[in-house]
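Colleague: Before we start, here is the structure in question, set down as structure tokens.
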Amino acid sequence: MQNGLSGDLIDMRVSSSGTLSIEIRGRLTRYEVPRIYRRLKKELNSRAIAGVELNLFNVSTVDTAGVALFVALCREAKKRGISFKLKNPSEHAVRVIKLARLENLLLENRTGEG
Numbered sequence: 001m002q003n004g005l006s007g008d009l010i011d012m013r014v015s016s017s018g019t020l021s022i023e024i025r026g027r028l029t030r031y032e033v034p035r036i037y038r039r040l041k042k043e044l045n046s047r048a049i050a051g052v053e054l055n056l057f058n059v060s061t062v063d064t065a066g067v068a069l070f071v072a073l074c075r076e077a078k079k080r081g082i083s084f085k086l087k088n089p090s091e092h093a094v095r096v097i098k099l100a101r102l103e104n105l106l107l108e109n110r111t112g113e114g
């Protein structure tokens, strides 16, 4: 399914193994994150899933609100007892995560290289 959110795009698919794969295109800033979070939370609540994989390959900008989104999704996954992975974070996203000192929480489970 595709959902346009203020110029951003979210693609979500559930794999045969039950992993919800989310690809976000565009920006993850304080302007976009509240709507994106509500949409993702609704999706998480409507399905039984085995894990969450967030692909950041096409994310152009991440600020602290974007990092807060990663933390919220990670915590939600832990609360449900499912896996959470960041996939293909850009160098910029990695820098912002490290500045927030959240690399142990968010980057240890990442996949791909950005």
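Once you know that position 33 of the sequence shown is 33 in the UniProt record's numbering, the rest is easy, because the numbers rise by one and skip nothing.
Positions of the beta carbon are idealized from the N, C-alpha and C atoms, including for glycine.
1) Among 66, 106 and 90, which residue has its Cα nearest to the Cα of residue 32?
2) Would you be able to state if there are at least three C-beta pairs under 8 angstroms between the segment 52–69 and the segment 14–27?
3) Return the first residue and the last residue of the beta strand (DSSP E) that residue 10 is part of.
4) Do residue 76 and residue 44 have their C-beta atoms within less than 8 angstroms of each other?
5) Could you name each continuous alpha helix (DSSP H) segment of 4 residues or more that falls completely within the segment 16–96, going from the start of the chain to the end?
Modeller: In short:
1) On the sequence shown, position 32 is the one that residue 32 refers to. For residue 32, the nearest C-alpha among the options comes from 66.
2) Three or more beta-carbon pairs drawn from the segment 14–27 and the segment 52–69 are found closer than 8 angstroms, and the two stretches are therefore classed as touching.
3) Against the sequence shown, residue 10 aligns to sequence position 10. Start and end: 8–14.
4) Translated into positions along the sequence shown, residue 76 becomes position 76. Translated into positions along the sequence shown, residue 44 becomes position 44. Remark: C-beta atoms of residue 76 and residue 44 approach each other more closely than 8 angstroms.
5) Positions of the alpha helix (DSSP H) runs, each at least 4 residues long and wholly inside the segment 16–96, are given as 33–46 and 64–80 in order along the chain.
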